[in-house]
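Chains as they are written, first to last, in this note's numbering: chain A, 1 to 249; chain B, 250 to 464. Heads up, the beta-carbon is just placed ideally off N, CA and C, and yes, glycines get one too. To start, the structure under review is shown below, and the notes come after it.
What follows is the structure, encoded as structure tokens:
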């Protein structure tokens with residue numbers, strides 16, 4: 001039996017059936033996998049936070065390796081001593097603080113609500129790390145990350161990630177050579193919370209000057225780099241009241 | 250080869266050279282510009298397109314007799330988008346790290362003109378087996394160009410291959426850099442990809458003059 005595929009009625013029926021079938025398949029897939037995906041995202045956050053405070057499986061030059069997913073939950077509770085939620089002047093402890101969605105908080109802040117700022121306090125071999133989550137804009141989509149500070153506001157480690165930056169250019173913000181440059185830089189300029197700028201042409205490609213609030217930029221990724229600078233300075237500014245209370249002067 | 254007749258084999262071999270999707274049909278240029286700044290991304294993209302085009306061509310070919318011609322482009326788009334989303338979701342659930350590597354490419358695969366082009370030009374008019382071969386052939390032809398472009402852009406732009414420094418260290422001036430050689434920053438920005446593709450087209454057409462259109 002030959003079907004007349006040119007008829008309008010056939011076209012409409014075909015389109016409707018296709019939409020229903022595809023919609024059902026995708027909805028079924030999304031709902032059956034969503035728990036597993038959420039769990040993966042949760043573990044990834046723990047891995048990222050630990051990475052920023054230097055707890056990772058990096059081997060040799062250029063490798064970016066996390067604590068394996070099977071071990072990360074244990075390591076996370078071992079090293080992260082406290083998780084705080086800062087809401088204006090109110091500081092509460094909450095061991096689910098790392099699950100706070102920064103994007104939702106930013107929207108809430110825009111609507112006039114008080115923003116919940118999560119902060120993680122890690123302890124490794126007796127030294128304390130204050131880890132701030134960050135979120136900002138790259139060239140194409142969101143970028144985010146974590147910065148671990150000591151009590152003198154010197155960066156001990158960072159982790160950056162991105163949704164859709166260009167491979168080979170902006171995507172290099174998650175490469176070791178870029179992230180490692182931040183370690184040792186101070187986020188303070190004098191007593192001002194300035195952050196760290198991703199700067200072009202600072203004549204310091206090896207990043208030997210650690211007190212200039214600058215790291216060397218990525219070639220061909222100006223906008224992503226500017227996004228990283230803006231993200232760091234915005235984030236530390238939001239936390240500056242709290243950071244002032246713990247800073248060793 | 251007993252498995253492939255001569256006609257079938259040409260489906261795979263033609264797109265590698267004289268009917269290359271990038272250099273002859275000028276399809277898939279957008280992704281050839283976007284992700285060839287380093288070799289690894291080129292390889293990942295080539296493999297992803299191989300999967301999607303191979304499977305997509307078969308699906309479209311199986312549906313070719315029931316797709317209404319008025320809405321065929323939308324149907325093709327839905328098929329490829331669905332395939333890519335399914336793969337993306339399954340990877341996110343069961344191979345999370347791999348999915349992180351591929352996430353950037355998802356959008357580029359769906360909008361890749363080669364995929365729509367082969368659905369439209371081949372799969373709608375041919376059987377599943379031939380469509381499958383055509384998909385594999387075209388994605389290999391696409392992949393080869395991507396890898397050539399990625400090779401030159403990464404080597405000349407960053408002095409590395411697969412992230413491994415092959416020319417020495419540009420900052421501490423070792424290896425080739427000791428002689429005064431410098432990386433060409435121009436190579437890592439997208440227009441350089443067009444120039445490399447242009448040179449490939451030039452070489453290809455000067456070797457095979459039958460490819461030159463007379464006008």
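{"Query": "Please list, in chain order, the chain A residues whose beta carbon lies closer than 7 Å to that of residue 290/B.", "Result": "167, 168"}
{"Query": "Considering only DSSP beta bridges, list what residue 83/A is partnered with.", "Result": "120/A"}
{"Query": "Can you list the alpha helix (DSSP H) stretches of 4 or more residues lying completely in the region 37-122 of chain A, in chain order?", "Result": "69-79, 102-110"}
{"Query": "Which one or two residues does DSSP pair with residue 136/A in a beta bridge?", "Result": "143/A"}
{"Query": "Just checking my contact of residue 235/A with residue 132/A at CB under 8 Å: how many whole Å lie between their CB atoms?", "Result": "6 Å"}
{"Query": "Here's the rule: buried if 16 or more other CB atoms are within 10 angstroms of the residue's CB, otherwise exposed. What is residue 418/B?", "Result": "exposed"}
{"Query": "If we call anything under 8 Å between Cβ atoms a contact, is residue 318/B one with residue 6/A?", "Result": "yes"}
{"Query": "On a CA-only basis, which of 225/A, 36/A, 49/A is nearest residue 143/A? Give me that one, please.", "Result": "225/A"}
{"Query": "How about residue 52/A and residue 147/A: are their beta carbons less than 8 Å apart?", "Result": "yes"}
{"Query": "Mark residue 250/B as exposed unless 16 or more other C-beta atoms lie within 10 angstroms of its C-beta, in which case mark it buried.", "Result": "For residue 250/B, the predicted model reports a pLDDT of 47, less than 50, meaning its position is unreliable; a value from the coordinates is still stated below. Classification for residue 250/B: exposed."}
{"Query": "With the cut-off set at 8 Å, would you say residue 257/B and residue 382/B are in Cβ contact?", "Result": "yes"}
{"Query": "Taking the alpha helix (DSSP H) that residue 241/A falls in, what are its first and last residues?", "Result": "240-246"}
{"Query": "Can you list, in chain order, the residues of its chain whose CB lies under 6 Å from that of residue 242/A, leaving out five sequence neighbours each side?", "Result": "86"}
{"Query": "If contact is defined by three or more beta carbon pairs under 8 Å, each pair taking one atom from either stretch, is the region 178-186 of chain A in contact with the region 297-306 of chain B?", "Result": "no"}
{"Query": "From what residue to what residue does the alpha helix (DSSP H) around residue 214/A run?", "Result": "Note, residue 214/A: premise wrong, no alpha helix (DSSP H); beta strand (DSSP E) at 214-216."}
{"Query": "Could you please give the first and the last residue of the uninterrupted alpha helix (DSSP H) stretch that includes residue 267/B?", "Result": "Here residue 267/B belongs to no alpha helix (DSSP H), and DSSP marks it neither H nor E."}
{"Query": "Between residue 377/B and the rest of its own chain, which residues show a CB-CB distance below 6 Å, the 5 nearest in sequence each way excluded?", "Result": "307, 310, 311"}
{"Query": "Taking 8 Å as the CB-CB limit, is residue 10/A close to chain B?", "Result": "yes"}
{"Query": "In chain B, which residues lie with their C-beta within 9 Å of the C-beta of residue 26/A?", "Result": "331, 334, 335, 338"}
{"Query": "Is the distance from the Cβ of residue 320/B to the Cβ of residue 69/A below 8 Å?", "Result": "no"}
{"Query": "Kindly list the residues whose CB is nearer than 7 Å to the CB of residue 450/B, restricted to its own chain and excluding five residues on each side of it in sequence; keep chain order.", "Result": "272"}
{"Query": "Measure the alpha-carbon distance for residue 359/B versus residue 322/B and round it to whole angstroms.", "Result": "13 Å"}
{"Query": "Output needed in chain order: residues of the region 275-300 of chain B with a Cβ under 7 Å from some Cβ in chain A.", "Result": "283, 284, 286, 287, 290"}
{"Query": "The beta strand (DSSP E) that contains residue 150/A, what's its start and end?", "Result": "Run containing residue 150/A: none; DSSP gives neither H nor E here."}
{"Query": "If we count Cβ pairs, one from each stretch, closer than 8 Å, do we get three or more for the region 120-132 of chain A versus the region 212-220 of chain A?", "Result": "no"}
{"Query": "Measuring straight from C-alpha to C-alpha, what distance separates residue 170/A and residue 351/B?", "Result": "15 Å"}
{"Query": "By DSSP, does residue 414/B sit in helix, in strand, or in coil?", "Result": "strand"}
{"Query": "Just mark residue 440/B as buried or exposed, buried being the case when its beta carbon has 16 or more other beta carbons within 10 Å.", "Result": "exposed"}
{"Query": "So what's residue 225/A in DSSP terms, helix, strand or just coil?", "Result": "helix"}
{"Query": "If you run the structure through DSSP and keep just helix, strand and coil, what is residue 186/A?", "Result": "strand"}
{"Query": "Short of 7 Å in beta carbon distance, which residues of its chain neighbour residue 178/A, apart from the five on each side in sequence? Order them along the chain.", "Result": "172, 218"}
{"Query": "Show which residues of chain A have a CB atom less than 7 Å away from the CB atom of residue 319/B.", "Result": "11"}
{"Query": "Going by DSSP, name the residue or residues bridged to residue 445/B.", "Result": "Answer by DSSP bridge pairing: none, since residue 445/B is not bridged."}
{"Query": "Should the region 12-26 of chain A be called in touch with the region 43-59 of chain A, which here means at least 3 C-beta pairs below 8 Å?", "Result": "no"}
{"Query": "Just reading off the beta strand (DSSP E) that residue 354/B is part of, what are its end residues?", "Result": "Not the beta strand (DSSP E): residue 354/B falls in the alpha helix (DSSP H), residues 345-359."}
{"Query": "Starting from residue 341/B, find everything on chain A with Cβ-Cβ shorter than 9 Å and list it in chain order.", "Result": "33, 36, 37, 40, 41"}
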